[in-house]
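Heads up, the thing below is written out as structure tokens.
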Amino acid sequence: MTSAFNHPLARDAKVWETSGTVGPVGRILVIITTLQLDKTHKSYKADKVERLSDAAKAWVLEHALEASDFLLINRPKDWD
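In this text, residue positions in the sequence shown follow this note's numbering: the first is 2, and each later residue adds one.
Structure (structure tokens):
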């Protein structure tokens with residue numbers, strides 16, 4: 002059973018299996034956030050993105066059998 006990733010800056014998170022054609026199947030923690038992730042955007046807040054990234058890295062290290070990496074994404078409704 003997957004342990005939940007919880008953080009105030011994360012709106013949702015789930016471990017997904019990757020299925021690339023080049024390498025073996027892996028597992029990745031996908032974190033949805035409302036933070037601006039584009040460093041060139043005027044609303045980008047490096048300290049908050051770093052806090053969320055650091056928490057995700059710590060979670061992955063603690064739950065290495067559940068996921069080997071993480072990915073931060075914006076909510077799909079925020080996509081242009």
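Cβ atoms here follow ideal geometry from the backbone N, Cα and C, with glycine treated the same way.
Is the separation between the beta-carbon of residue i and that of residue j shorter than 8 Å?
i, j, result
"L30", "V16", "yes"
"L72", "T34", "no"
"S69", "G27", "yes"
"L36", "K43", "no"
Between which two residues does the beta strand (DSSP E) containing residue i stretch?
i, result
"D39", "Careful: D39 lies outside any beta strand (DSSP E) and carries neither H nor E."
"E18", "13-19"
"L72", "70-75"
I need the boundaries of the alpha helix (DSSP H) containing residue i, first residue and last residue.
i, result
"L10", "Unbroken run through L10: none, as it is neither H nor E."
What residue from the options has the CA that sits closest to residue i's CA?
i, options, result
"K78", "H8, N7, S4, R12", "R12"
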